[in-house]
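Structure first, then comments.
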Amino acid sequence: MNKDVGSIGIGAMIVFIAMVLVAGIAASVLIQTSTTLESQALSTGRETIHEVAGGISVFDVEGIVNTDMDGLAITVRARAGSPDIDLNETIIILSDGTTKVVLQYDYADANHFNDTVDADDGKVFGFLYTDLTNEEFGIMVLEDADGSCSQYSPVINAGDKVMLFVDAGTAFGAEIPERTDVFGFIYPEHGSPGVISFRTKNIE
84 MNKDVGSIGI GAMIVFIAMV LVAGIAASVL IQTSTTLESQ ALSTGRETIH EVAGGISVFD
144 VEGIVNTDMD GLAITVRARA GSPDIDLNET IIILSDGTTK VVLQYDYADA NHFNDTVDAD
204 DGKVFGFLYT DLTNEEFGIM VLEDADGSCS QYSPVINAGD KVMLFVDAGT AFGAEIPERT
264 DVFGFIYPEH GSPGVISFRT KNIE
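Just so we're aligned, residue 84 is where the sequence shown starts under the working numbering, counting upward by one.
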C-alpha cells in the first residue's frame, strides 16, 4: 500500500514539473513574440514617418522659350523631417497629355552637374539643359551647407536646394507648345513625390 502511494506521489511530481516546464516555455514564446511584434511595430512606424513626412518638395518651375517652351528648371528641396534623398535614385516623370517621359540623373557626365553658381557657367539655362538626352535630367546646386550634394553622390537633406534641369524639346521630341498643360512627379527612393503642374504661357 505504501509503495503505491509513493508511486502516485512521484507521478504527480513528474506531471507537476512537466506542467511548470510547459508553462515556462509558453511564457518564453509569448515574450519572444511580444518582443518581435514590438520591434516590427517600431520599424513600421519609422518607415511610415519617413514615407509621410519625408520626400521632395517642388517650389518653383521656370522655363526658357525659343519658339515654344524648350527647357525647364525645377527647384526642389527635401521636405521637413525627410531623411537624406539620393538624386541618383530619383526619377522625374512628365507628361504633356500626349507624351510621357521618364528621366534619371547620369552621374558619369560632368556636364549634367554644377555646384558653382556664378555669372558665367552658373547661368540657369546653359549647358545643363542643352546637353541632356531624352532620358536625363541635370542638377544645379543652389544651397548645400554640408557639401552632401556632389556629382557622383548627389544627396540632398534639410536646408539644401537644387535645380533639376530638363531639355523639354529633346525629351518630348519637340518644344512644348503654348497653352499646354504639363504635369508630373519627382519620385525619390523613399517618401512622398514632388508634384509638377503648370500651363505654358501664351507667347506673343
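Note that beta-carbon positions come from the ideal geometry of N, C-alpha and C, so glycine has one too.
Taking Cβ to Cβ, would you say residue i is nearer than 8 Å to residue j?
i: residue 268; j: residue 248; result: no
i: residue 259; j: residue 144; result: no
i: residue 226; j: residue 243; result: yes
i: residue 151; j: residue 261; result: yes
i: residue 228; j: residue 161; result: no
i: residue 170; j: residue 222; result: yes
i: residue 235; j: residue 176; result: no
i: residue 164; j: residue 137; result: yes
i: residue 237; j: residue 139; result: no
i: residue 167; j: residue 194; result: no
i: residue 173; j: residue 246; result: no
i: residue 255; j: residue 184; result: yes
Using 10 angstroms around the beta-carbon of residue i, count the other beta-carbons present and answer buried if the total reaches 16, otherwise exposed.
i: residue 102; result: exposed
i: residue 274; result: buried
i: residue 191; result: exposed
i: residue 282; result: exposed
i: residue 202; result: Low local confidence applies: a pLDDT of 48 at residue 202 is under 50, so the model's placement there is unreliable, and no value is given.
i: residue 224; result: buried
i: residue 188; result: buried
i: residue 253; result: buried
i: residue 142; result: exposed
i: residue 181; result: exposed
i: residue 154; result: buried
i: residue 264; result: exposed
i: residue 285; result: exposed
i: residue 197; result: buried
At which residues does the alpha helix (DSSP H) containing residue i begin and terminate?
i: residue 253; result: 251 to 254
Per DSSP, what are the beta-bridge partners of residue i in this structure?
i: residue 156; result: 145 and 248
i: residue 264; result: 282
i: residue 187; result: 174 and 219
i: residue 140; result: 160
i: residue 271; result: None; residue 271 has no bridge partner.
i: residue 277; result: 269
Could you tell me the boundaries of the beta strand (DSSP E) in which residue i lies?
i: residue 225; result: 219 to 226
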